[in-house]
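Visitor:
Number of protein chains: 2
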Amino acid sequence: MLVKNTFRKEIKEILIEAMLQGEIEPGIRISLPELAKKLEVSVTPIREALTQLTEIGIVTYIPNRGFFVTELTKNEASDIFEVITILECKAIEKAEYSNEQLIELRKINRAFEQTIEPTQKLKLDMEFHQKLIENYSNVYLKKIIEDIRTRIFMYEFHFMVTQPIQTSAEMHNHIIDALENGDRPKAKEILHANWSLSIQNILATYKSKDLCD
Amino acid sequence: MLVKNTFRKEIKEILIEAMLQGEIEPGIRISLPELAKKLEVSVTPIREALTQLTEIGIVTYIPNRGFFVTELTKNEASDIFEVITILECKAIEKAEYSNEQLIELRKINRAFEQTIEPTQKLKLDMEFHQKLIENYSNVYLKKIIEDIRTRIFMYEFHFMVTQPIQTSAEMHNHIIDALENGDRPKAKEILHANWSLSIQNILATYKSKDLCD
DNA sequence: ATATAGTATATCGTATACGATTTTACAAAG
DNA sequence: CTTTGTAAAATCGTATACGATATACTATAT
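Line by line, the protein sequences are chains A and B. Sequential numbering of the first sequence, starting at 98, is according to the numbering used here. Sequential numbering of the second sequence, starting at 98, is according to the numbering used here.
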C-alpha cells in the first residue's frame with residue numbers, strides 16, 4: 098500500500114488530505130491503533146508524522162492522551178488571519194504575473210464561481226490562492242502560507258462555511274484586475290478583505306454553533 | 098536524567114539549545130545512536146524530536162541518510178530575512194510598551210553593548226528581540242519569529258559573525274527611542290535595517306568562507 | 001439513585017528488534 | 001599508485017514489545 102518515500106512523509110500527506118476532505122475533523126483525537134490498522138503500517142511512522150503536524154499547529158498534542166486535530170479558537174483565528182494576510186499580501190506585492198497566469202487565475206475563479214458542490218468549491222478557492230502566489234520566489238514564506246491555508250480550509254470544510262460565493266469570486270476577479278493593471282496596493286487591499294471575509298464567516302459559524310471559545 | 102514531560106519535548110529543547118551553543122553545527126549529520134547514548138534514551142523520542150525540527154526548517158531530513166542541521170543558502174537567507182522582518186515589524190507596530198519594558202529593553206541593550214564574549218553577546222541580542230515583541234498578543238506569529246530567530250542566531254554563532262556591535266546596539270537604542278516617542282514607522286524602519294545588517298553579515302562571512310551557495 | 005473505589009481494557013510513550021540501506025574498510029586488478 | 005569490486009560494519013526506518021497512564025466498566029457504600 099504505502100510504497101516509495103518514507104511512510105512518515107506519505108502518512109503526513111494522507112492526514113492533511115483527510116483533514117481537507119473532512120474525514121478527520123477539528124477536535125477529534127486521532128487514534129493511532131485505528132490509523133495504523135487502516136493504513137497497514139505500525140504506529141511508529143504515524144507518530145512521527147503527527148509530531149511534525151503539531152509543529153505547524155494543525156495537530157495538538159496532549160501528553161498521555163494523544164494527538165488531536167486542533168480546534169480553532171477565536172484568538173487563534175485572528176492570529177492566523179493576521180499572519181496569512183500580511184504574508185500573502187507581501188507575496189502578491191512581489192510575485193511576477195504573466196498573461197498566462199492571469200488567464201489561469203480567471204479560469205480557476207470562473208470554475209469557483211460556477212461550482213455549487215461545497216468540497217469542490219473549497220478546493221478551487223484553495224487552488225486560486227495557490228496559483229496567486231505560485232511565482233513568488235520565497236519558498237519559506239510560501240510554506241508558512243500553505244500551512245495556514247490548509248488549516249483555514251479545513252475549518253471552512255468542518256463547518257460547511259458557505260461563503261457568499263459571489264462576493265468572494267468577485268473579490269478574486271478584482272484582485273486579478275488589479276494585478277493586470279499593475280495596481281499592487283489595490284490587489285493587496287482586496288486580498289486583505291478576502292481573507293477577512295473567510296475568517297469572519299468561520300467565526301460567525303462558531304457563534305451560531307457555540308463550539309469553541 | 099530526562100524526567101517530566103515527554104522525552105521528545107525535552108530532547109527538542111536540548112537540541113535547540115545545543116545548536117544555539119554551537120555544539121551542533123550547520124551541515125553536520127545528527128547521529129541518532131550517539132545522541133541516544135549521550136542522553137541515555139532510545140532513538141525513538143530523538144527521531145520524533147528531529148522530525149519536528151525538520152518542520153521548522155532548522156533540521157533537514159534526507160531519506161536513508163538521516164537528519165542534518167540545515168545549512169543556510171543565500172536564497173534561504175533572504176527568504177527568512179524577509180519573513181522575520183515583516184513579521185517582527187508587524188509585531189512592534191502593534192505591541193504595547195510600558196515604561197518598565199522600555200527600561201528593561203535599554204538595560205538588555207546596555208549589557209549587549211558592553212559584553213565582549215561572543216556567546217553572551219548573541220544571547221543578549223536574542224533576548225533584546227524577544228523582549229521587543231513580548232507583549233504582542235499574536236502567539237502564532239511569535240512562534241514563527243522565534244523559529245526563524247533561532248536559526249539566524251545559530252548561523253551567527255556558527256560563523257562567529259561579529260556584528261559591528263556599536264552599530265547594532267545603536268540601532269537597538271534608536272528603536273527604543275522611536276517606541277518611546279510613539280513613532281512606530283521609525284521603529285520599524287530601524288528594525289528592518291537591523292535585521293538586514295545581521296543577514297548581510299552572515300552572507301559576507303559566507304562569501305569569505307566559500308561554504309554554501 | 002448517586003458517588004466512590006476497584007478492576008479491566010485500551011492506548012500512550014519509549015525501548016528494543018530487525019530488515020533495508022548506506023558507509024567504511026579492504027582486497028584485487030590495472 | 002589508483003580504481004574497482006566486495007564484504008563487513010554502521011545506521012536508518014519501521015515493526016513489535018512492554019511498562020505507564022487514561023478510560024471504561026463494575027461493585028460497593030451511602
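We treat Cβ as the ideally placed atom computed from N, Cα and C, and that holds for glycine. Model, not experiment: these values are computed from the prediction.
(1) Taking C-alpha atoms, which residue in B:Ala-133, B:Ile-127, B:Ile-159 and B:Asn-172 lies nearest to A:Tyr-237?
(2) Under a CB-based cut-off of 8 Å, is A:Glu-185 close to chain B?
(3) Mind checking who B:Tyr-194 pairs with in its DSSP beta bridge?
(4) Are A:Ile-242 and A:Ile-189 closer than 8 Å when you measure CB to CB?
(5) Whose C-alpha, out of B:Glu-253, B:Phe-225 and B:Leu-288, is nearest the C-alpha of B:Leu-169?
(6) Could you tell me the boundaries of the alpha helix (DSSP H) in which B:Tyr-252 lies?
(7) In the structure shown, what three-state DSSP assignment does B:Ile-159 receive?
(8) Return no unless some Cβ of chain B is closer than 8 Å to the Cβ of A:Asn-312.
(9) Which complete beta strand (DSSP E) runs does the segment 107 to 181 of chain B hold, if anything under 3 residues is left out?
(10) Report the neighbours of B:Val-180 on chain A: residues whose CB is nearer than 9 Å to its CB, in chain order.
(11) For A:Ile-125, which residues of its own chain have a beta-carbon under 8 Å away from its beta-carbon, when the five flanking residues on both sides are left out?
(12) With DSSP as the reference, label A:Asn-232 as helix, strand or coil.
(13) By the three-class DSSP mapping on this structure, what secondary structure does B:Asp-222 have?
(14) So, does the CB of A:Glu-145 fall closer than 8 Å to a CB anywhere in chain B?
(15) Kindly list the residues whose CB is nearer than 6 Å to the CB of B:His-289, restricted to its own chain and excluding five residues on each side of it in sequence; keep chain order.
(16) So, B:Asp-274 versus A:Asn-235, is the Cβ gap smaller than 8 Å?
(17) Please list, in chain order, all residues of the same chain as A:Thr-157 whose beta carbon is under 6 Å from its beta carbon, the five residues on each side excluded.
(18) For the segment 163 to 176 of chain A, which residues have a beta carbon sitting closer than 7 Å to at least one beta carbon of chain B?
(19) If you count every other CB in all the chains shown that lies within 10 Å of the CB of B:Pro-130, and 16 or more means buried, which is it?
(20) Tell me, please, whether the segment 147 to 157 of chain B touches the segment 140 to 149 of chain A by the rule of three or more beta-carbon pairs shorter than 8 Å.
(21) Determine which residues of the segment 274 to 305 of chain B have a Cβ less than 8 Å from any Cβ of chain A, and write them out in chain order.
(22) Using a Cβ-Cβ cut-off of 8 Å, state whether A:Thr-212 counts as contacting chain B.
(23) Here's a check: name, in chain order, each residue in its chain whose Cβ is nearer than 6 Å to the Cβ of A:Ser-195, leaving out the five neighbours to either side.
(24) If we define contact as Cβ-Cβ less than 8 Å, is A:Pro-123 a contact residue for chain B?
(25) Could you work out which residue in A:Leu-199, A:Ile-155, A:Val-140 and A:Ala-266 is closest to A:Lys-218 when comparing CA atoms only?
(26) Is B:Asn-102 helix, strand or coil when you go by DSSP?
(27) Rounded to whole angstroms, what's the CA-CA distance from A:Lys-134 to A:Thr-247? Just pull it up for me.
(28) Put B:Thr-216 into one of helix, strand or coil per three-state DSSP.
(29) Could you have a look at A:Asn-278 and say whether DSSP puts it in helix, strand or coil?
(30) Using 8 Å as the threshold, is the C-beta distance between B:Ile-205 and B:Leu-184 below it?
(31) Go through its chain and collect everything with a Cβ distance to A:Pro-142's Cβ below 6 Å, but skip five positions before and after it.
(32) Assign B:Asn-291 to buried or exposed, taking buried as 16 or more other Cβ atoms, counted over all protein chains shown, within 10 Å of its Cβ.
Guide: Taking the coordinates as given:
(1) B:Asn-172
(2) no
(3) Per DSSP, none; premise fails for B:Tyr-194.
(4) no
(5) B:Glu-253
(6) 236 to 255
(7) strand
(8) It is not possible to answer for residue 312 of chain A, since the shown part of chain A is limited to 98 through 310.
(9) 156 to 159 and 163 to 166
(10) Leu-184, Lys-187, Asn-235, Tyr-237, Leu-238 and Ile-241
(11) Phe-165 and Val-166
(12) coil
(13) helix
(14) yes
(15) Thr-182
(16) no
(17) Phe-165 and Thr-167
(18) Glu-173 and Asp-176
(19) exposed
(20) yes
(21) none
(22) no
(23) none
(24) no
(25) A:Ala-266
(26) coil
(27) 26 Å
(28) helix
(29) coil
(30) no
(31) Phe-104, Arg-105 and Ile-108
(32) buried
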